Every structure is written in structure tokens, then in C-alpha cells.
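J.: Quick one: structure below, then a few questions.
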DNA sequence: ATGTCGATACAATATCGA
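What follows is the structure, given as C-alpha cells:
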């Protein structure tokens, strides 16, 4: 069973490339982030024609997350619990009704830049709420996967040059500690168990020739409950999609990251 | 010298967020 995550930076701007990749890689389940549209503008028919069920939590202009699945989806939760005033679409959760079910959580964690603003405070509060939800999910004793764009560089090995990231919200000690805190609850980062050969980055900035110079970072992660970690068989970072174009469509700045579960 | 994107309000460019 292949479960992927991809920050697509607008699902509609990316659609030709997405459909091409979904045909090739054929993930069973995929979390999308930054769909950048309201629910009514999500290209549901295009994905349904490839055999996917869609759960969408959209938003105008910014953010927006979705789950695509070849298996039925049930028990869908939209929005991260813990703050009714949070209006940003960054969290979606569903039960994937496969022969061996999986509870699948897709997140688009706040970027948090620049430091010293309410944006960074929002990121820290969001992390606290995610910690609480992650702890709650563990009590279900299910195979649970929390995946998505975490906007967190876990270690200095996960960026091309540490000095560049020291003043960035993606690499702050408090943020990295919060990520470790999720692991301390009992979640496993699939990358720690199944590091791929060669590339470890999942994002290359559009600017400053970052892709051409391989100046990337690893910020798209899969966290697995013990019941899910016991089934982990592999991890693939689809780096080639970063260099692909399709007619008018240009690549996302993130690439898909996929895990294989027994 | 952030050197690029995408959505939006707006009607060719500017702003915002990343």
C-alpha cells in the first residue's frame, strides 16, 4: 500500500503534471497541500476518473488540503481541533478503508516566517494543538499516519547549508523540539527508518537557482504510529518531478514523498 | 540584487504569501 504526500502549490495550476504522476506512481492514498482553491473549484472529476475518492478542505487563495484515496474514505475531520477561531484550512483527517485500515492525516503546518511576528506565534500554537491531537490519536491504537508539509527542517543534515536557515522559522530550536516532541509521543519518522539512497531533500525554492544548485531542504514528512511503523517497507522521494514540465504547467517547489506499508 | 511562482483585485500592474 503506497501512501504519499505532495505540496502542489495550486492544484489547478499543477493539474496536468499531477495527473501524469498519479497515472505513473499510482499511490493508493495521497495528501495534497496548498491546493489554493475553494472546494467547488477542486478538480474532483479529473481525480475520480483515475479512480480516486476525494476529501477536500479548501480555502480561497491560500492553503487548502485534500486526501485522495483509491479506497473508501470515512470519518473525515476538517480542521485541527483546539481553536475554533482558526480559519485557515491546514488539516484533514480520514479513515482509509483498506483491507488493513489506516487513519490518514494530511497537514499543511504554518510556515511561521518572519520570526518575531504573530505568524511565528501561530506556528508554535498550531504545533501545540497538533501535539495534543497526535496524542489523542495514539490512544486509538490504530495504524495512523500524520503526513504533509510540516515546514520543519528536523536536523542540520536536512538543509543544504545550516547558516542560511538559522534565522528562518523552519529551523528554530522551538520548532525542531516540537517535532521531536511528536516523535517522543511514540511516532516514528519514516525517513529515520528508511532513509533513501542519495537525495533527502523534498523542497527546492523557485528563487535563486536553488534547484539547479541542489540547494534543498527536507520538510515533507511521514510520522507513523507504532501500529503503522510495524508495517513500514519503504520510502521514496520522487525528486524527478521537480524538473518536469508539461505543456504550460511548471513544477511545484515540493516533490511527492511516498511510503510503502505492508 | 531573493534572481520565482500563483491567486487576487483589477483591468496592466501591485500586493501578498511562500
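Residue numbers (UniProt numbering): 1 to 262. Note that beta-carbon positions come from the ideal geometry of N, C-alpha and C, so glycine has one too. Source: prediction; values computed, not measured.
Rounding to the nearest angstrom, what Cα-Cα distance links residue 97 and residue 50 in this structure?
T.: Going by the C-alpha atoms only, they are around 18 Å apart.
J.: What's the call for residue 26, buried or exposed, on a 16-neighbour Cβ count within 10 Å?
T.: Classification of residue 26: exposed, given that the 10 Å Cβ count is below 16.
J.: Less than 8 Å between the beta carbons of residue 64 and residue 30, yes or no?
T.: No.
J.: Apart from the five residues just before and just after residue 175, which ones in its own chain have a Cβ nearer than 6 Å to its Cβ?
T.: Once the five neighbours on either side are set aside, the close Cβ partners of residue 175 are 152.
J.: Roughly how far, in whole angstroms, is the beta-carbon of residue 143 from the beta-carbon of residue 101, given that I think they are within contact range, below 8 Å?
T.: Contact holds; Cβ gap of about 7 Å.
J.: Starting from residue 75, trace the beta strand (DSSP E) in both directions and tell me its first and last residue.
T.: Note, residue 75: beta strand (DSSP E), 73-78.
J.: Kindly confirm or deny that the segment 212-227 and the segment 190-204 touch, where touching means at least three C-beta pairs closer than 8 Å.
T.: Touching, yes, given that three or more Cβ pairs across the two stretches are closer than 8 Å.
J.: Starting from residue 69, trace the beta strand (DSSP E) both ways and give me its first and last residue.
T.: Here the beta strand (DSSP E) through residue 69 covers 65-69.
J.: Check for me: the beta strand (DSSP E) holding residue 31 runs from which residue to which?
T.: Note, residue 31: beta strand (DSSP E), 29-33.
J.: DSSP on residue 257, reduced to helix/strand/coil?
T.: Note: residue 257 maps to strand in three-state DSSP.
J.: Which same chain residues, not among the five before or five after residue 123, have their C-beta less than 8 Å away from its C-beta?
T.: Within the same chain, residue 123 has close Cβ partners 109, 110, 111, 112, 151, 169, 175.
J.: With a threshold of 16 other CB atoms inside 10 Å of the CB of residue 212, please say whether the residue is buried or exposed.
T.: Exposed, by the Cβ-count rule.
J.: From 11, 61, 126, pick the residue whose C-alpha is nearest to that of residue 84; which is it?
T.: Residue 84 has its Cα closest to that of 126, out of 11, 61, 126.
J.: Going by beta carbon distance, what residues of the same chain come within less than 7 Å of residue 46, once the five residues before and after it are set aside?
T.: Hits under 7 Å: 15, 19.
J.: Measure the beta-carbon distance from residue 58 to residue 42 and round it to whole angstroms, keeping in mind my assumption that it falls under 8 Å.
T.: The pair is a contact, with the Cβ atoms about 6 Å apart (cut-off 8 Å).
J.: If we ignore side chains and look at the alpha-carbon of each, how far apart do residue 131 and residue 68 end up?
T.: So the alpha carbons of these two residues sit roughly 24 Å apart.
J.: Over what stretch of residues does the beta strand (DSSP E) that includes residue 6 continue unbroken?
T.: Segment 2-7, the beta strand (DSSP E) holding residue 6.
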